[in-house]
Each structure stands twice: as structure tokens, then as C-alpha cells.
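Residue numbers (numbering that gives the first Met the number 0), protein chains in the order written: chain A, 0 to 325; chain B, 0 to 403.
Cβ coordinates follow ideal geometry from the N, Cα and C atoms, glycine included.
What follows is a short report on a single structure.
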Amino acid sequence: MSKETLELPLTRSWRDIPQAVKPRAMSREGRRRFLLRACRLLGAVATLVAAGWASWQVAQVWDNGSRHLPDAAEAKPIGKNLLLQTDGVLDQAWLAATLALPKKATLMDLDLTKLKARLLVHGQVATAALVRKFPATLSVRLTERMPIARVMAEAAGGERSALLVARDGAVYPGVGYDRDLIESLPWLDGIKLTPQAGGYAPIVGMDAVADLLGRAKLEADWLYRDWHAVSLARLESDGQIGVRLRSGTSIIFSAKDDFFGQLAKLDYILDTAASAHPGQPTVGEIDLSLGNQVPVRLIAAPAPAPAPLPVSPPSALATIPRIQVP
Amino acid sequence: MSSHHTFIGAVEIGTSKVTALVGEYTGRDLTIIGYGECPSRGVVKGAIADFKAASDCTHAALEQAEKMAGERIDYVYLAQTGGHLDGFYNEAVVNVKSADNMIDRNDIRTVCELAQAKELPAGRMVVHHIRRPFRVDGRLVPTSPENLVGQRLEVGYWTVHGQEQRLADTIHVIRGCNLEVRELVLSSLASGFMVTTPEERQNGVLAIDIGGGTTDYVLYRDGVPHTTGVLPIGGTHVTNDLSIGLRLTEPQAEKLKLRFGRAIVQARDKADKVWLDGNFAIGDRQFPRQAIEQITSARIWELFEVVKKKLGNSFSPETCATGVVLTGGTARLPAITECAAKVFGLPAHLGEAPTSIADHLREPGQHTALGLLYYCVSRQSEGASPRRKGGGFLRGVSRIFAGA
């Protein structure tokens, strides 16, 4: 018997039974295994793609890096090539003066960290980013603090100077601001400035003051324009912010309550007082920190001609009425 | 965990229980790291009768084994039993072609292909082709005959085949768990490999695995399986006999079988009675011990007689010098070895798994699943090297996401 002369019958083995199975025919465990396997496959593909992308990125960096090397080698003196981008009022001249770059300095000569520190010394600058742009441009991007109040500081020698205060409490000498803007800012009172590294430490509690001033300027500008000074003396202890108007009237706000409501009450009271005594200041103090009960101290009407009374009145002030504000 | 490790599942879907093992194979060593067992449902005499029920309990056993192992199974070796399995012997002879009569690879391949090429009836599929030793001019050659000189080369194969639907059902139970069936192995080959030594197989030994619904046997001669067979009779038939004979429910009969059943009648006193439960509760009854022993022994005796008859001329005390080795859950029946010795006229003993294996896995009922792992792994190491888990970049990357 030989193989060549015979047609061998095909025997079917159990291996011919198809093992493919659809997910819907699987048990819960089978489907879980199927999903896991699919996730593994996807993960593998994702890893491959990520690896490919990373390789491409490395190649790009390598290529760009080598292209930048000649640029860096050919760096030229910066001169006046300072590019300033800011959201405030500082200008190119201030930048040049502050950085004080040597005339023949190239970009590679600059220590950007030191230059950045030099900019940040000025309290008006909140953040600074310096970028070399070859061959000879230094790009500076600044974000500036905005003043919300003024403060009068007195140096050890008795020299007085007006400084600006930002929302975060930073105290700094303002540069480049419009004079009218500065004049419109209220003065701060009841605070103690603490010297710190060539300037002053930030004032605590300015967030609440900034909210009050911002709200007043936005919602009741006719009131705000008359505000002369803001006192933080009782902010920490009683949560109160005092405001003194140019007319001499004192107003006490609660830092814990909604400022909008308090401003509405203030407007109502001042309107009521003005209509009662037109052209004559009659209100001495308004306390808005007690909720709906608003004590108002009135200024007594001018005293009549002195009469030969044996005893003078106990006080120049009238009694403090309580006005129920709607 | 090293990337060289493979996690192999061994599953036996039996009539009384489903056993799943997880083995960690390093290419050299095999360690059992997971074990799961679930009472079998939907399986009758080793065949799947209710696919859903059988799938549920098989998947439960696999899940339990994986949980214990803490690893995911890569593929499965599956034990196959059932009355549909059958076997036949076919041999072929070729004349050695070369002028100097030296046998070459082509001669060997030709004779093997011829011996395996026998048409099966419709709907039947080959499960195993088990090769018997070559013969060169009538001379037995236990290893390869390549480069030996002779004129006639003979070889024979014992071919095990089964019904296609039954085989597919068993495979689909595992596929429902989305696991690949890498090998389908006759239960008797698995358990026989576990409970016999290479020396015993060389000298001739008959291994009988008496399960719940089937009895699988394999006769080894000259170191290889010579004849295999499956009988659709098992421990449940003994229980059934007791149930009918003593008018009991099946659980009661099972309880009596386990407590008082014997393969050889020992009780001489007909008046010697035993309690069903022994707790003096209402409904507890007495039964003659002798009757229980007679029923169990008769069935076991008959079982061995059928095995002997099935083996026919293949079996003789001369060709089976080592004797009979018994395994399977029913092999725990007292005096069963004495019964086997009497029927086969040979010494018989209970098969034991190696002592290196954990105690709870050395029970006779676990030998098939254990043998499945060891049999396949030994064949794998003899042949092609195992598929390495870290064998490719993609596979390595995917293992990162496996979390195992």
C-alpha cells in the first residue's frame, strides 16, 4: 500500500469545530472578558500611537533646536528692541528705565530671572513674563494691579507721600495713572502700614473694601463721588467699614451684609434728609451695620442767639432717632 | 509576575460536579494556583443536556478558580467524556522506499497518514489519534524508527471519535466564557496519566475512572494508551439502584451509599440493620446492611465485568502486569479494589496523585482535572515549546493594560 496510489479520506477533527462566538452569545463573565480584551487591544494601539507621536515630537524638538542654535549664535545687541504688552498704563519708557539694559547687551547676555525680579519690585506689576525673540528682541508681558484707594504714608523723616492700594492689599507708588483717576480714589484710614523689603506689607481686609467701593462705583456713583475716606479701624474687630463723606457725614457699613442693600438704604436716608432740609447738611452719622434698624445721628440746627441761661445745653447733638428703613 | 508565565485552565464538566483548575506554567514548571468547583447541572451521563445550566455552573467554577488564582486564564484544556465517544484501531504498512532499506522521514509520515486515514461515519469527529509503537519487519520499536534498516514499516493508531454536536456543545460552554479551548482530552487519558507511573504504563496497566455518570478506562501497553473506552455507568447508577431497591429518594440513597455501601459484601447477618439518618427523628428508618452491600456490590461488579468485556482480547493478565488502578469519586467505595482484583484477576489499588499536590486536590474526584493539566503540559513540553506570554511587543504592551 502506498500513499500515491490511494486517495486518503478526510477525517474531521474536533479542531474543525469553529470556536468563534458572538458577544451576545457569551455569558456575563465572557462579555467582561471580551471587553477587557478589547480594552487591552485599544490600550496597546493607544500606546503605539502615543509612542509614535512622542517620537515625532522629539524629532521636531531636535530639528527646531538645531535650527535655533545658529540664531542664538548670531544674537545682536538689543538696543531699543523692547516689546511691551501690558493690560495697564505702564509704557515703554518706564520699562526701559526699569530694566536698564546695557547698550551692547545681546539676548544671550541677559539674565531673565534677574530682570523679572527687577520688574516685580514695583508693586504696580503683578506678573511679568520675559521671552527672548532672536535675533534681538526682548518681549515683556505684564499684568498690572489696579488701584482702588489711596493712602498717605509718612516716612521716618516725616516726609509724606501718597501711595496707591490695590484690591489684594498691595501698596505701591502709582506710575502713569491719570490724575483725575487718582483724585477720585478715596483715602484709607484706620490702618497701620508695615515697612517691608523697600515697600510696605499688603493691607489686610482690602477684599471687603474693594467689594464695597466697586459696588458703590457701579451702582451708586453719585454717592461714591462724595466719599472722602474709608476707615478699616473696626473691620477686624467688628466687621465694620467706615466711610466719611466730603460733607463730614460718617457712614458705617457692615462687611458681613450685602453692600447693595446697604447702599440702597443709604441713598434713601440721604434723600429723605436732603428733602427735609434742602441745602443744609443735617446728618452726622448713619450706621448701616445693624440690619433693618438704622440709627441716624442728626446734626442739631444752629443754636439761637445765646440767652442768659445759667446752664448750657448738655450736648450740641440732638437725640438719635431710629429710622425704620423700608 | 514574569512575562514568561502562562495561565492554563483545566476544566472537567462532570455529571456530579464541574471542576476548574488554574495552572501557572513557566515552560518548565507547573504550579496549581487556582481551584474552583461547582455542583453540576444540566449534564447527564457526561453529555450536555441543558446548555444554560451547564454554562452557568462551568462559568461559576472558572470564575472561582480565577479569583483564587488572582490571574486571568489564557486558554483552557477541556476534558471530554460521554457515552457517544468510541474508538477503533487501524493500522498501515509501507515498504521502505530507499535502496539501502533505511527508513527516512517520508516513510514514517506516509505510514502515519495511512494509519490515521480511515473514514468516519457522518457526524463523527476525531478526538484523539493515539499512536501505538512502530514495528519494523515485525520488530517492536518503542521510539522513532528513523534511520533503522528494514523492509516493512508498520504502525497502528487507536482513534477516539465522538459525535460532532456533543463535542461542539462542550466546547461552546467554554467559548461562552470567551476562553479558547486549546486541547480536548479524553477524561480517561487525563486521569490515567495522573494515577499511573511511566513504569506502570510500560509494563501494562488498566486505569479505571469511575465518575458520577460515566466510567472512563484506559489500558496502557508498551508505555502508550492501547485502548480507551467510556461506559455511561457511574456512581449515580449505584445510587439509583439503592433508591429503587430500598424505595428511597435519591438523596437518601446517596447518603446510605456513602455511609454503608461496599463493593464486596461483608455483612453476614441479615438481621444487622442500619438507620437511615441515625438521629432518631420522625421518619428515620432501618435498612438491612446486607441488602445495601448486595445492591452496591452487584452494580460495581457488573461495571467491572462490562469494562473487561469491552476490553476483550486487548486485556489479559500477561499484558497488564501492573494490574488495575482505580480513581474517580466512586472509587472511594470501600472494598472496591478487592472487587476489581477479583473481576480482573489482577492486583488493584487506588490511584494517588503526587504528594507535592495540595491535599484537597489529591482526592480521587480531582484526578481528571489534575491529569488534564499535567498530561497536556507534558505533551506540550515534548513537542513545541509553549506559547510565551511575552513573545511580542504588542502582547507585552497589552499586558500592561491587563492590570494583572
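Whose C-beta lies closer than 6 angstroms to the C-beta of residue i among residues of the same chain, with five residues either side of it excluded?
| i | result |
| --- | --- |
| Cys37 of chain B | Val17, Cys56, Ala59, Ala60 |
| Ala9 of chain B | Leu20, Tyr76, Ala368, Leu371, Leu372 |
| Ile388 of chain A | Shown here, chain A extends from 0 to 325; a query on residue 388 of chain A therefore has no answer. |
| Thr248 of chain B | none |
| Val310 of chain A | Residue placement at Val310 of chain A is flagged as unreliable, the pLDDT there being 35, under the threshold of 50; the coordinate-derived value follows with that caveat. Counting only Cβ-Cβ distances below 6 angstroms, and skipping sequence neighbours, we find nothing. |
| Ala53 of chain B | Gly41, Val42, Ile47, Val172 |
| Arg30 of chain A | Pro22 |
Beta-carbon within less than 7 angstroms of residue i's beta-carbon, same chain only, minus the 5 sequence neighbours each way: which residues are those?
| i | result |
| --- | --- |
| Gln18 of chain A | none |
| Asp106 of chain B | Val93, Val95, Lys96, Leu152 |
| Gly175 of chain A | Val88, Leu89, Asp90, Trp93 |
| Val204 of chain B | Thr195, Tyr219, Cys319, Thr321, Gly322, Val324 |
| Leu211 of chain A | Ile240, Phe252, Phe258 |
Excluding sequence positions up to five away, which residues of its chain have a Cβ less than 8 angstroms from the Cβ of residue i?
| i | result |
| --- | --- |
| Trp186 of chain A | Ala148, Arg149, Val150, Met151, His227, Ala228, Val229 |
| Ala304 of chain A | In this prediction, Ala304 of chain A has a pLDDT of 47, which is less than 50 and means its spatial position is unreliable; what the coordinates show is noted afterwards. There are no such residues. |
| Thr97 of chain A | Arg117, Leu118, His121 |
| Gln239 of chain A | Arg233, Ile251, Phe252, Ser253, Ala254, Ser288 |
| Arg214 of chain A | Phe258, Phe259, Leu262 |
| Ser242 of chain B | Thr248, Glu249, Gln251, Ala252 |
If we count the other Cβ atoms within 10 Å of its Cβ and call it buried at 16 or more, is residue i buried or exposed?
| i | result |
| --- | --- |
| Met205 of chain A | buried |
| Gly258 of chain B | In the sequence as presented, Gly is not what sits at residue 258 of chain B; that position holds Arg. When all chains shown are included, Arg258 of chain B counts as exposed. |
| Val120 of chain A | exposed |
| Phe286 of chain B | buried |
| Ile285 of chain A | buried |
| Asp28 of chain B | exposed |
| Leu9 of chain A | exposed |
| Trp221 of chain A | exposed |
| Pro224 of chain B | buried |
| Gly363 of chain B | At residue 363 of chain B the sequence reads Pro, which differs from the Gly that was named. Pro363 of chain B should be labelled buried. |
| Ala339 of chain B | buried |
| Val60 of chain A | exposed |
| Ala280 of chain B | exposed |
| Thr126 of chain A | exposed |
| Met25 of chain A | buried |
| Ala272 of chain A | buried |
| Ala43 of chain A | buried |
| Ala98 of chain B | exposed |
Give a yes or no on whether 8 angstroms exceeds the smallest Cβ distance from residue i to chain B.
| i | result |
| --- | --- |
| Arg166 of chain A | no |
| Phe259 of chain A | no |
| Arg23 of chain A | no |
| Trp13 of chain A | yes |
| Phe133 of chain A | no |
| Val20 of chain A | yes |
| Ile147 of chain A | no |
| Thr142 of chain A | no |
| Ile240 of chain A | no |
| Ile16 of chain A | yes |
| Thr85 of chain A | no |
| Thr193 of chain A | no |
Is there a C-beta anywhere in chain A that falls below 8 angstroms from the one on residue i?
| i | result |
| --- | --- |
| Met67 of chain B | no |
| Ser54 of chain B | yes |
| Glu62 of chain B | yes |
| Val223 of chain B | no |
| Met124 of chain B | yes |
| Ala270 of chain B | no |
| Gly391 of chain B | Any reading at Gly391 of chain B must be qualified, since the residue scores a pLDDT of 44, below 50, and its modelled position is unreliable; the value itself is stated next. Chain A contact via Cβ: absent. |
| His83 of chain B | no |
| His58 of chain B | yes |
Return the Cβ separation of residue i and residue j in integer angstroms, given the expectation that the two are a contact with Cβ distance under 8 angstroms.
| i | j | result |
| --- | --- | --- |
| Gln14 of chain B | Gly211 of chain B | The question names Gln, but residue 14 of chain B in the sequence shown is Thr. Yes, Thr14 of chain B and Gly211 of chain B are in contact; Cβ-Cβ is about 4 angstroms, under 8 angstroms. |
| Gly191 of chain B | Val217 of chain B | 4 angstroms |
| Leu183 of chain B | Val125 of chain B | In fact, because the Cβ distance is near 10 angstroms, the residues do not count as touching under 8 angstroms. |
With respect to 7 angstroms, is the separation between the Cβ of residue i and the closest non-hydrogen atom of the ligand NAP below this value?
| i | result |
| --- | --- |
| Val57 of chain A | This structure lacks the ligand NAP; in fact it carries no ligand of any kind. |
| request: Using a Cβ-Cβ cut-off of less than 8 angstroms, list which residues of the segment 171 to 185 of chain B approach chain A; keep chain order. | output: Those would be His171, Arg174, Gly175, Cys176, Asn177, Leu178, Glu179, Val180, Leu183, in chain order.
| task | Compile a chain-ordered list of the residues in the segment 300 to 312 of chain B whose CB is closer than 7 angstroms to at least one CB of chain A. | result | Answer in chain order: no residues at all.
| query | the segment 105 to 118 of chain B: which residues have C-beta closer than 8 angstroms to a C-beta of chain A, in chain order? | reply | Those residues of the segment 105 to 118 of chain B placed with their C-beta closer than 8 angstroms to a C-beta in chain A are Thr109, Glu112, Leu113, Gln115, Ala116, Lys117, Glu118, ordered along the chain.
| request: Mind checking the segment 22 to 42 of chain A against chain B and listing, in chain order, the residues whose C-beta falls within less than 7 angstroms of any C-beta there? | output: Listed by position, the residues of the segment 22 to 42 of chain A near chain B (Cβ gap below 7 angstroms) are Ala24, Met25, Ser26, Glu28, Gly29, Arg32, Phe33, Cys38, Arg39, Leu40, Gly42.
| What residues in the segment 154 to 167 of chain B have a beta carbon less than 9 angstroms from any beta carbon of chain A? | Per Cβ criterion, the list reads Thr158, His160, Gly161, Glu163, Leu166, Ala167.
| request: May I ask you to list, following chain order, the residues of the segment 42 to 66 of chain A that have a beta carbon less than 8 angstroms from some beta carbon of chain B? | output: For the segment 42 to 66 of chain A, which is checked against every Cβ of chain B, the residues closer than 8 angstroms are Gly42, Ala43, Thr46, Leu47.
| At a Cβ cut of 9 angstroms, what residues of the segment 89 to 113 of chain A count as close to chain B, listed as they run along the chain? | Of all residues in the segment 89 to 113 of chain A, none has a Cβ within less than 9 angstroms of some Cβ in chain B.
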